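Trainee: Counting from 1, one number per residue, gives the positions in the sequence shown under UniProt numbering. Glycine is no exception: its CB is placed at the ideal position from the N, C-alpha and C atoms. Values in this document were obtained by computation on a predicted structure and should not be read as measured data.
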Amino acid sequence: MYVTEASWKSEIFQSVVGFLPDWAQGTALGLFVLAVLTPWALRTRRKFVYHRAVRTGRPIPESARYAQGRGADHLGSYAPLPRQDDPAA
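#1: Helix, strand or coil, according to DSSP, for L31 in the structure here?
#2: In this structure, does DSSP put R55 in helix, strand or coil?
#3: Excluding sequence positions up to five away, which residues of its chain have a Cβ less than 7 Å from the Cβ of L20?
#4: Looking at the structure shown, is E5 part of a helix, part of a strand, or coil, going by DSSP?
#5: At the level of alpha carbons, what is the spacing between L42 and F48?
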């Protein structure tokens with residue numbers, strides 16, 4: 001029979017939760033689940049808003065954009081002025 005060993009993350013989590021009183025163990029577990037599910041829910045909502053905006057042809061909200069480019073693309077007023085001999089500008 002093959003027995004899998006627990007990962008080091010689950011061992012640490014179990015040891016930390018084991019020191020808590022019984023009433024706090026449920027709260028800690030609930031907070032951990034909330035900390036895992038919240039980013040997932042926000043990411044799913046952002047995808048939904050993005051796809052809905054693309055489908056209807058509306059401008060995509062800033063918070064839903066995927067291809068945001070690099071940091072140099074968002075310099076704003078600090079961006080260097082385009083050169084006069086640059087055909088791409």
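Mentor: Judging by the given coordinates:
#1: helix
#2: helix
#3: Cβ neighbours of L20 within its own chain (closer than 7 Å, five residues either side excluded): A28.
#4: coil
#5: 10 Å
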